[in-house]
Amino acid sequence: MSVGAAMLELNDIQYIVLARAPAVTGRYEFLSFRDAAAGRLWLAGILERVPSVEQVRKSVKEDQSWISVAFTHAGLRTLGLDESSLATFPEEFRQGMASRADILGDEGAHHPEHWVGGLGTGNVHAIAVLFARDSKERERCVGAHRALVERCDGVEVLSHVDLEATPPFEYAHDHFGYRDRLSQPVVEGSGDEPTPGSGAPLKPGEFILGYPDESGPPAGLPEPPELVRNGTYMAYRRLEEHVGKFRDFLREHGKTPEGEELLAAKLMGRWRSGAPLVHRPDKDDPEMGADPQRNNAFNYKSEDPLGYAVPLGSHIRRMNPRDTGANMNRRRMIRRGGTYGPHLPEGAPDDGVERGIAAFVICASLVRQFEFAQNVWVNDRNFHELGNERDPFIGNHDGTLEYKIPKRPVRKKITGLPAFTTCRGGEYFFLPGLKGLRLLAALGG
Amino acid sequence: MSDAKPKEDWSKPAAMAIPKGGYIGEPQRGRYGPVFPKTPACYGFSIMAKIIPGREPVFREYAKKIETAVAKDPHCLAILKLHYLRWVLFDIGGATYFMYQGIFDTDFDKYTEDAVSLFGATGIDTVFENLEGFPKDWKTNAPAFVKFVREHQQSSFLEYGEYPFVSADEIKKALALKASFSAMLDQMQ
Chain A
552 MSVGAAMLEL NDIQYIVLAR APAVTGRYEF LSFRDAAAGR LWLAGILERV PSVEQVRKSV
612 KEDQSWISVA FTHAGLRTLG LDESSLATFP EEFRQGMASR ADILGDEGAH HPEHWVGGLG
672 TGNVHAIAVL FARDSKERER CVGAHRALVE RCDGVEVLSH VDLEATPPFE YAHDHFGYRD
732 RLSQPVVEGS GDEPTPGSGA PLKPGEFILG YPDESGPPAG LPEPPELVRN GTYMAYRRLE
792 EHVGKFRDFL REHGKTPEGE ELLAAKLMGR WRSGAPLVHR PDKDDPEMGA DPQRNNAFNY
852 KSEDPLGYAV PLGSHIRRMN PRDTGANMNR RRMIRRGGTY GPHLPEGAPD DGVERGIAAF
912 VICASLVRQF EFAQNVWVND RNFHELGNER DPFIGNHDGT LEYKIPKRPV RKKITGLPAF
972 TTCRGGEYFF LPGLKGLRLL AALGG
Chain B
11 MSDAKPKEDW SKPAAMAIPK GGYIGEPQRG RYGPVFPKTP ACYGFSIMAK IIPGREPVFR
71 EYAKKIETAV AKDPHCLAIL KLHYLRWVLF DIGGATYFMY QGIFDTDFDK YTEDAVSLFG
131 ATGIDTVFEN LEGFPKDWKT NAPAFVKFVR EHQQSSFLEY GEYPFVSADE IKKALALKAS
191 FSAMLDQMQ
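Residue numbers (the numbering used here), protein chains in the order written: chain A, 552 to 996; chain B, 11 to 199.
This is the structure in structure tokens:
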């Protein structure tokens, strides 16, 4: 363990950065403060419920629910953080996600003018993220939070999203049926061991402010240090998944049930079970998909340089190019979140109800990590010289793009790829450490 | 994000006049500022800056350093997706200026970010340190590096491509294909 790693202040970092709660349900509430007093009162009322990494590790078996709290730049201003400190935060965070729509590819149907729940309007000041072991505990927490908000005159809940683990599988997966949580970076000093293929532990400063990062000692941090240390940035994305459209697409182009599964795998780069195409190019292997020692242990340049197993434009090849990407240790992101909306049973027609993923990307630099991924990996039509493609799942699609599946002797090309997801909202948040939360609650006093 | 148009025709030489300011119409926004356009000569820049007086030998020495680094590892600059680099020193009114002209296939911001990381990772310091006004904290402050480069970029007003819009990777693929075909034909003699 390096010196930097030994210094990781696990008793101050909010748990969500480094730990995953064993939750099957949850709720995000988006709040607006009329003034500093209202915001501080709310924060003072909730901050004792926000656990650190260390606390969650000690009591996770007994805990029933877990809360995290973060603020937009407008939220920090409303809480009364002074203008000189506010100005030290990076430009992308100061501007907010909606203002960066063109950089992120949030255009057309994804444009912030279509976003829901007050997201992107400038009115969201804070988010309370709740994960709960079951729906009964969620309801209890929702009631407790409602009571807190009622006690804080001038605090308004603009909107909320309820999370539910979606059927039919016991493991985490999205509405399209893909196994989730397969590839996460590990932070040096966190005590976690990376699974094979997840890369060596990364310097904490890639994800947590105040620590050395992959390029050296911390530099250019916002102020004041006591607010910023152990904090991080969190990009929120609410992505609607068009399940009916996706299944129709698979039926149209897959022809047979086996063909549909293979096409679904080719779009993702993995079988829906999680089994990697690099190692199982022709036939699914659910046992491998469920085995963390094997389901992420692969590379592209050395094992599949031309994309015969994993197409060059597939989702996982874009989101983590592994040995085909440059400067990879500075582009990694921690993902958290869950699914929302009801399950659409197999065979049922699309019911028009919104369902999708409500996810967070945690990183120390939104512009270098999250925005880079969106701008270059997801939405660059010429990624890997593909010419006319974007990420098949989260890229901005208007029906004019294509998807190429390398195959001997001749590749398969699907034209007119539809949009399988629509961004329904998002925000940039700053997630302080526990001391930072207390500092904000005590501002002005 | 690069926005290559699907109908770009490599077989038809093309020229593009670029308006004052360097953008065509409303510029697309990149992560660190407006995205310089892709032209028939691909992406690129022409950075011109005054060198710190007396530092000319450092530039010439640096050229040898790059020559050696590339000879040792021919792919050491691969991540920059370059076609060509041209470095020029010239005088204006007794002062020495440096011109760094590059043609490449990634967008301007990504190129600069990758260059910062490359310099950092290989321990090759950048010769930019010998330019007036270059940020001293460039190793830990990629945005400052990008800002300097943007401020010293002199946009073209005309660019031409004999095989327009074609990336270096596509050219290399075509040459590899030609070599493979030649080998195949040799085998069939």
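Where a beta carbon is used, it is the ideal one built from N, C-alpha and C, also for glycine.
Since this is a predicted model, take the numbers as computed values, not measurements.
Kindly indicate which residue of the options has the alpha-carbon position closest to the one of residue i.
i      : options                           : result
A:P773 : A:I678, A:S916 and A:A570         : A:S916
A:T510 : A:T966, A:M785, A:L594 and A:N847 : Past the edges of chain A, shown from 552 to 996, lies residue 510 of chain A, and the structure says nothing about it.
B:Q38  : A:I654, A:L598 and A:D949         : A:I654
A:D836 : A:S824, A:P843 and A:V829         : A:S824
A:E739 : A:L561, A:L994 and A:K817         : A:L561
A:A877 : A:R730, A:Q920 and A:G840         : A:Q920
B:L141 : B:E161, B:F46 and B:L128          : B:E161
A:L709 : A:K687, A:S686, A:W666 and A:F720 : A:W666
B:Y72  : B:M198, B:V137, B:P50 and B:G143  : B:V137
A:G656 : A:E897, A:D942 and A:A841         : A:D942
B:Q200 : B:G32, B:K22, B:I28 and B:L187    : This structure leaves residue 200 of chain B out entirely; chain B is present only between 11 and 199.
A:L813 : A:P862, A:T951 and A:D855         : A:P862
A:A762 : A:G995, A:F971 and A:I564         : Position check: residue 762 of chain A holds Tyr in this sequence, whereas Ala was assumed. Of the candidates A:G995, A:F971 and A:I564, the one whose C-alpha sits nearest the C-alpha of A:Y762 is A:I564.
B:F55  : B:E66, B:Q197, B:L168 and B:I62   : B:L168
A:T623 : A:V927, A:A574, A:E613 and A:A649 : A:A649
B:A51  : B:K60, B:A27, B:T106 and B:I61    : B:A27
A:Y566 : A:I759, A:L594, A:P641 and A:W593 : A:I759
B:V68  : B:V80, B:A189, B:L99 and B:F155   : B:L99
B:D147 : A:S734, A:P768 and A:R645         : A:P768
A:Q646 : A:Y979, A:I956 and A:A992         : A:Y979
A:G892 : A:L714, A:P775 and A:G626         : A:L714
A:A970 : A:R591, A:E757, A:E953 and A:A625 : A:E953
Counting along the chain, where does the alpha helix (DSSP H) carrying residue i start and finish?
i      : result
A:C692 : S686 to R702
B:G171 : Per DSSP, B:G171 belongs to no alpha helix (DSSP H); it is in the beta strand (DSSP E), L168 to G171.
B:A184 : A178 to Q197
A:S635 : E634 to L637
A:G810 : P808 to M819
A:D653 : A652 to L655
A:F720 : First-last for A:F720: undefined, no H or E at that position.
A:F596 : Checking the displayed sequence, the identity of residue 596 of chain A turns out to be Gly instead of Phe. Looking at the DSSP string, the run of the alpha helix (DSSP H) that includes A:G596 is A587 to I597.
Just confirm the distance between the C-beta atoms of residue i and residue j, as a whole number of angstroms; I'd bet it's less than 8 Å.
i      : j      : result
A:R873 : A:Y851 : 5 Å
A:G977 : A:L681 : That pair is no contact at about 19 Å.
A:C703 : A:A589 : 6 Å
A:I867 : A:R831 : With a Cβ gap of about 14 Å, A:I867 and A:R831 do not count as contacting.
B:D91  : B:T116 : The residue you asked about is not Asp; residue 91 of chain B is Lys in the sequence shown. Between B:T116 and B:K91 the Cβ distance is about 5 Å, and since that is below 8 Å, they are a contact.
A:A816 : A:L828 : 6 Å
A:R578 : A:R697 : With 8 Å as the limit, A:R578 and A:R697 do not qualify as a contact, their Cβ atoms being about 11 Å apart.
A:I913 : A:V700 : Wrong, their Cβ atoms sit about 26 Å apart, outside the cutoff.
A:E922 : A:E658 : Not quite, the Cβ-Cβ distance comes to about 15 Å (not below 8 Å), so this is no contact.
A:G946 : A:N930 : 5 Å
B:Y42  : B:P153 : 6 Å
A:T576 : A:D685 : 6 Å
A:A826 : A:M839 : 4 Å
B:P174 : B:A24  : 4 Å
A:W617 : A:A572 : 4 Å
A:L598 : A:A992 : 6 Å
A:R881 : A:S734 : Incorrect: roughly 17 Å between the Cβ atoms, too far for contact.
A:A660 : A:T973 : 5 Å
Name the two residues that bound the continuous beta strand (DSSP E) containing residue i.
i      : result
B:M109 : A105 to F114
A:E905 : Note, A:E905: premise wrong, no beta strand (DSSP E); not H, not E.
A:K955 : E953 to I956
A:V620 : S616 to F622
B:D101 : L92 to I102
A:L991 : No beta strand (DSSP E) contains A:L991, which is instead part of the alpha helix (DSSP H) from L985 to A992.
A:I965 : K963 to T966
A:E715 : V706 to E715
A:I678 : A677 to A683
A:E580 : T576 to F584
A:E978 : T972 to L982
May I ask you to check if the CB of residue i is nearer than 7 Å to at least one heavy atom of the ligand HEM?
i     : result
B:P63 : What this structure holds is no ligand at all, so the ligand HEM is not there to describe.
- Message: Extract the residue ranges of the alpha helix (DSSP H) inside the region 722–803 of chain A, only unbroken runs of 4 or more that lie entirely within it.
- Response: 776–779
Q. Can we say the region 748–757 of chain A touches the region 933–948 of chain A, given the rule of at least three CB pairs closer than 8 Å?
A. no
If contact is defined by three or more beta carbon pairs under 8 Å, each pair taking one atom from either stretch, is the region 894–906 of chain A in contact with the region 636–645 of chain A? no
### Query
Do the region 886–903 of chain A and the region 722–739 of chain A make contact, defined as three or more Cβ pairs closer than 8 Å?
yes
Q.
Does the region 781–789 of chain A come into contact with the region 969–985 of chain A, if we say contact requires no fewer than three beta-carbon pairs (one atom in each stretch) closer than 8 Å?
A. yes
Item to complete: Answer yes if the region 570–585 of chain A comes into contact with the region 674–689 of chain A, meaning at least three C-beta pairs across the two stretches below 8 Å, and no otherwise.
Response: yes
* State whether the region 786–796 of chain A contacts the region 908–915 of chain A, with contact taken as three or more CB pairs (one from each stretch) at a distance under 8 Å. => yes
* Do three or more CB pairs link the region 117–130 of chain B to the region 93–108 of chain B at distances below 8 Å? -> no
Ignoring anything shorter than 3 residues or poking outside the region 32–65 of chain B, list the beta strand (DSSP E) runs there in chain order.
53–60
* Residue ranges of each alpha helix (DSSP H) run of no fewer than 4 residues wholly in the region 816–901 of chain A, ordered along the chain? -> 837–840 and 866–870
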